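The numbering of the sequence shown is our numbering, which starts it at 1 and goes up by one. Backbone N, C-alpha and C fix where the C-beta goes; we use that ideal spot for every residue, glycine too. Bear in mind the structure is a predicted one, so any value in this text is a computation, not a measurement.
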Amino acid sequence: MSNSDLMQADSKDAIRVLRLPTQLQDLSVVVPYSLVAEITEVNLKDSEGRLARNKVVLVEWRGQVIPLISLELLNGEALPTIGQRIRVAVLYNTDPDLALAYYAVLLSGVPRSERVRMDEVSATGTLDDSIWRYVVKMQDRLTAIPDIRSIERMVDHMRLHNTSPDVPDYEAF
1 MSNSDLMQAD SKDAIRVLRL PTQLQDLSVV VPYSLVAEIT EVNLKDSEGR LARNKVVLVE
61 WRGQVIPLIS LELLNGEALP TIGQRIRVAV LYNTDPDLAL AYYAVLLSGV PRSERVRMDE
121 VSATGTLDDS IWRYVVKMQD RLTAIPDIRS IERMVDHMRL HNTSPDVPDY EAF
């Protein structure tokens with residue numbers, strides 16, 4: 001299910017979303033539940049335990065090496081405090097033109113599955129940030145729906161070039 005599916009659904013239909021716990025200021029994040037491959041914990045290797053500017057951190061998940069991103073950093077905020085063992089949401093890539101099967105999003109807690117009816121959502125517009133597709137009020141909380149394709153292109157670029165494209169002051173993993 002894409003972001004547009006989420007916004008265009010019939011108001012009688014409930015859509016299953018996953019609320020991602022992050023440390024974003026004043027903003028909650030949801031993604032379509034069907035986008036999530038797994039919620040799990042991964043280990044950062046000793047040499048990768050410290051995240052730094054313009055460095056892509058790769059983590060091992062189910063025998064594969066996948067890139068790890070932080071929505072906080074993509075949004076221009078400070079990196080959350082993390083240890084060597086971190087919780088992540090592993091997301092499916094939705095863009096068939098990218099050689100990227102999965103990527104991980106750093107979490108700051110346990111995600112919650114929710115059912116949302118579109119008549120419970122009031123559109124508030126968009127933010128001036130390229131990573132948010134929509135910003136809505138859901139249950140009286142300001143909630144962002146990520147622009148998944150934009151994020152996937154950033155992740156693929158970071159993975160291939162070890163830098164971040166078109167995101168000023170972004171501290172890549």
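Could you tell me the boundaries of the alpha helix (DSSP H) in which Ile131 lies?
Taken as a continuous stretch (DSSP letters only), Ile131 belongs to no alpha helix (DSSP H), as it is neither H nor E.
Are the segment 66-79 and the segment 100-107 touching, with three or more C-beta to C-beta distances below 8 Å?
yes
Are the CB atoms of Pro111 and Ile131 nearer to each other than 7 Å?
no
Just to confirm, is the Cβ distance from Leu20 to Val29 under 7 Å?
yes
Cβ neighbours of Gln8 in the same chain (closer than 7 Å, five flanking residues each side left out):
Reliability of the predicted coordinates at Gln8 is poor, the pLDDT of 49 falling under 50, and the value obtained from them is presented with this limitation in mind. Closer than 7 Å at Cβ, skipping near neighbours: no residue.
Sorted by chain position, which residues of the same chain lie with C-beta nearer than 6 Å to Arg85's C-beta, five sequence neighbours on each side aside?
Glu41 and Asn43
Measuring only the C-alpha atoms, how far is Leu79 from Met154?
17 Å
Given Leu71, which residues of its chain have a CB within under 8 Å of its CB, disregarding the five upstream and five downstream residues?
Leu20, Thr22, Leu24, Val29, Val105, Leu106, Ile131 and Pro146
Excluding the five sequence neighbours on either side, which residues of its own chain have a C-beta within less than 7 Å of the C-beta of Tyr33, listed in chain order?
Arg16, Val17, Leu18 and Ser113
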